[in-house]
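**Student:** Numbering of the sequence shown is given in the working numbering, commencing with residue 1 and proceeding in unit increments.
Virtual Cβ for every residue (Gly too), placed ideally from N, Cα, C.
For clarity, every value in this text was computed on a predicted model and none was experimentally measured.
Here's a structure for you.
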Amino acid sequence: MVQIFGKVLSNKKRVDTALKNISGLNNHQIEKVCNELNIGLDCKITDLSQSHIIKLLKLLERNNLLIETSLKKDTQANSKRLIEIKSHRGLRFVRKRSSSKR
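Below, the structure written as structure tokens:
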């Protein structure tokens, strides 16, 4: 099992399917990363060497993508900003929170 950004990737899955479990990565980004590292999309996680995994981590960090926790923090900050400026979307966030407490 490989762990990337706090997500455990199953050894049985293909690389493209396993990387979809990481929040913030879409099909295009996954394909681009795999092509840059010369990893086939049909390759399984077990077939990746330790060096491939390290290169994958470095490449994802270097691309400045909003992934996992940074994506969640950014989303929360945007929600908070919309609430503070009392926009329509912000007010809907407030209503949603209050209705979920009932």
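Please report the distance separating the alpha-carbon of Asn-26 from that of Asp-42.
**Tutor:** Each residue's Cα considered, the two are about 16 Å apart.
**Student:** Is it true that the CB of Ile-39 sits closer than 8 Å to the CB of Val-2?
**Tutor:** Result no, Cβ atoms of Val-2 and Ile-39 do not sit closer than 8 Å.
**Student:** My guess is that Gly-24 and Leu-57 are in contact by the Cβ rule of under 8 Å, so how many angstroms apart are they, rounded?
**Tutor:** Between Leu-57 and Gly-24 the Cβ distance is about 14 Å, and since that is not below 8 Å, they are no contact.
**Student:** Who are the Cβ neighbours of Glu-68 in its own chain at under 8 Å, not counting the five residues just before and after it?
**Tutor:** So the list reads Phe-5, Gly-6, Lys-7, Ile-22, Ser-23 and Gly-24, once near-sequence residues are dropped.
**Student:** Which stretch, first to last residue, makes up the alpha helix (DSSP H) that contains Ile-83?
**Tutor:** From DSSP, the alpha helix (DSSP H) with Ile-83 extends over 69-84.
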